[in-house]
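Heads up: the sequence shown at position 89 corresponds to 266 in my numbering, and the numbers run straight through without jumps.
Just so you know, even glycine gets a beta-carbon here, dropped at the ideal spot from N, CA and C.
Just so we're clear, the structure is a prediction, and the values are computed from it rather than from any experiment.
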Amino acid sequence: RWIYTWTSPDGQHRNQIDYVLYSQRWRSSIQSVKTRPGADCGSDHGLLIAKFRLKLKKVGESTRPLRYELNHIPDEYTVEVTNRVKELDLIDRVPEELMDGDLQLCTRGSN
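Put into structure tokens, the structure is as follows:
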């Protein structure tokens, strides 16, 4: 009885032609769907009423990215890095040699 959503103008034919659309994600939230055929809404379609339960999860606090204070870097480290960069002689070198030197510099810096 609460299934039909459209009634013909002569009142003899009733059909289910209106639907409630929802995504697969919200399928478990829909509890019931009914029509109210006697509702005066100025149309030959019945009013659809959907009852659903909404469950919301608490959103956790996002962690802020760690920011480095560049002013607090020890002076010895900055001096050591600048000395290593000055040691590199970049002029008149083949790119493969430069890459090997950079790898050695990186491995020395990680130790």
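Item, Value
"DSSP bridge partner residues for residue 211 (one or two, in chain order)", "226"
"Residue 182 - partner residues in DSSP beta bridges", "For residue 182, which the question treats as bridged, DSSP gives no partner whatsoever."
"Contact set for residue 213: own chain, Cβ-Cβ below 7 angstroms, skip 5 residues either direction", "223, 224 and 226"
"Reference residue 191, options 221, 208, 210 and 200, closest by Cα", "221"
"Reference residue 228; option with closest CA among 237, 240, 209 and 218", "209"
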